[in-house]
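Under my numbering, the first residue of the sequence shown is numbered 21, with each subsequent residue one higher.
Single-structure report; data block below.
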Amino acid sequence: MTATVAGLVVLGACGLLTTNRETFSDDSPVAEKIAAVRLDGLGSGSVRLRTQDGATGTTVHREVHYATNKPGVTQQVDGGDTLVLRGCGENNCSVDYDVVAPTGVKITGGVGSGSIELTKVAEADVRTSSGSVTARGVAGSVRVEVGSGSVTLSDVGGAATVKSSSGSVALDGVRGALAVQAGSGRIRGANLGGDQADVKTSSGEIDLGFTTMASVTAQTGSGDVTLTVPKGNYRVAVDTNSGNRSVDVVQDPAATHALTLHTSSGDVAVKAA
């Protein structure tokens, strides 16, 4: 275990006040075989979870920042196979976690303020009120909810569901159905392989590229909408109140796949790959 001390200087009504914040870090091996990780009561702090082929156990590295009372243990194993990561339980205290686990681990839960970074997990259902979420190499489905912050998903084997109040959404290699709802922010997707997508943002451009034929709904209040799909026949409905329309695919009212695109202000384009 290592510990460091940092001084924080605050200007108050009576002059300069000094509040010491201490930091320590430690590493803890987990004896049990972990199948899932749950984020529970993490008010402030970041989480990084990675799985590694060939790993035989789980290790937890944490970095704790506190001002008053030094926290004790903040993680435990629940039900024999679920690693629970918690916060300090008081103000002016945060815990950052870096967890390495064997393959096949799922993760659920969220943090109040902080980023979440996931690599090669089995499934993910996570949220943060303020902070970014990054997930890469997920074998199954991903569900993400962000109050304010960016979302980046890549190489996802299952469906992806994203809800963001404010922040950009970047997608690459999502192979399942896609559902994105954003309050404000750009949405971009490449190498999308699902057969269905529903993507909406109140403000921001939408640019999606598919490797397979799909039924797609893309809607924004303000911004361009660009959709690139494989050549083929589609039922197409494009609409813009102010902007240009362009459709390069074969429009067929009897086609299996439907493309519905709308923007209140901006250009709308359907391109054939």
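Beta carbons are placed, not taken as given, at the ideal position from N, Cα and C, and that holds for glycine.
If you scan the stretch 97-179 from start to end, which runs of the beta strand (DSSP E) of 3 or more residues do you find wholly inside it? Taken in chain order, the unbroken stretches of beta strand (DSSP E) that lie wholly in the stretch 97-179 and span 3 residues or more are 102-105, 113-122, 126-133, 136-139, 143-150, 153-158, 162-168, 171-176.
Any idea which residues DSSP pairs ARG206 with across the strands? Bridge partners of ARG206: none, in fact.
Does the Cβ-Cβ distance between GLY124 and ALA142 come in under 9 angstroms? yes
Using only alpha-carbon positions, find the residue among THR154, VAL200, SER204 that is nearest to ALA217. Taking only the C-alpha atoms, the option nearest ALA217 is VAL200.
Hey, could you find the ends of the beta strand (DSSP E) THR240 is sitting in? 235-240
Status (buried if at least 16 other CB within 10 Å, exposed otherwise) for ASP101: exposed
Near CYS113, which residues of its chain fall below 6 angstroms by C-beta distance, leaving aside the five closest residues on each side in sequence? Excluding sequence neighbours, CYS113 sits near TYR86.
Span of the beta strand (DSSP E), counted from its first residue to its last, around GLU83: 78-86
Applying the criterion that 16 or more other CB atoms from any shown protein chain within 10 Å of the CB defines a buried residue, is GLU110 buried or exposed? GLU110 is exposed by the Cβ-count criterion.
Report the residue from ALA293, ASN261, ALA275 whose alpha carbon sits nearest the alpha carbon of LEU281. ASN261
DSSP state of THR221 mapped onto helix, strand, coil: When secondary structure is reduced to three states using DSSP, THR221 falls in the strand class.
Identify which residue in ARG163, GLY213, THR88, GLN95 has its Cα closest to the Cα of ARG82. GLN95
Could you say if the stretch 251-271 and the stretch 212-229 meet the contact criterion of at least three C-beta pairs nearer than 8 angstroms? no
Let me know the secondary structure DSSP gives SER262 once reduced to three states. coil
Quick test of your reading: ASP60 and VAL104, contact by CB under 8 angstroms. State the CB separation rounded to the nearest angstrom. 5 angstroms
Sheet register partners of ILE226 (DSSP bridge): ILE207, VAL245
Could you name the residues of the same chain whose beta carbon sits closer than 6 angstroms to that of ALA155, not counting the 5 residues immediately before and after it, in chain order? LEU138, ALA144, VAL162, LEU173
Could you pull the start and end residues of the beta strand (DSSP E) that GLY61 belongs to? 56-64
From the DSSP output, read off the bridge partner residues of LYS291. THR248
Tell me, please, whether the stretch 274-291 touches the stretch 239-246 by the rule of three or more beta-carbon pairs shorter than 8 angstroms. yes
Member of THR78, THR237, LYS90 whose CA lies at the smallest distance from the CA of VAL258: With distances taken between CA atoms, VAL258 lies nearest to THR237 out of THR78, THR237, LYS90.
Assign ALA234 to buried or exposed, taking buried as 16 or more other Cβ atoms, counted over all protein chains shown, within 10 Å of its Cβ. Buried, because 16 or more other Cβ atoms sit within 10 Å of the Cβ of ALA234.
Just curious, the beta strand (DSSP E) that THR280 is in, first and last residue? 278-283
To the nearest angstrom, how far is the alpha carbon of VAL189 from that of ALA202? 8 angstroms
Rounded to the nearest angstrom, how far is the Cβ of GLY77 from that of VAL119, given a contact under 8 angstroms? Actually they do not touch by this definition, with Cβ atoms about 11 angstroms apart.
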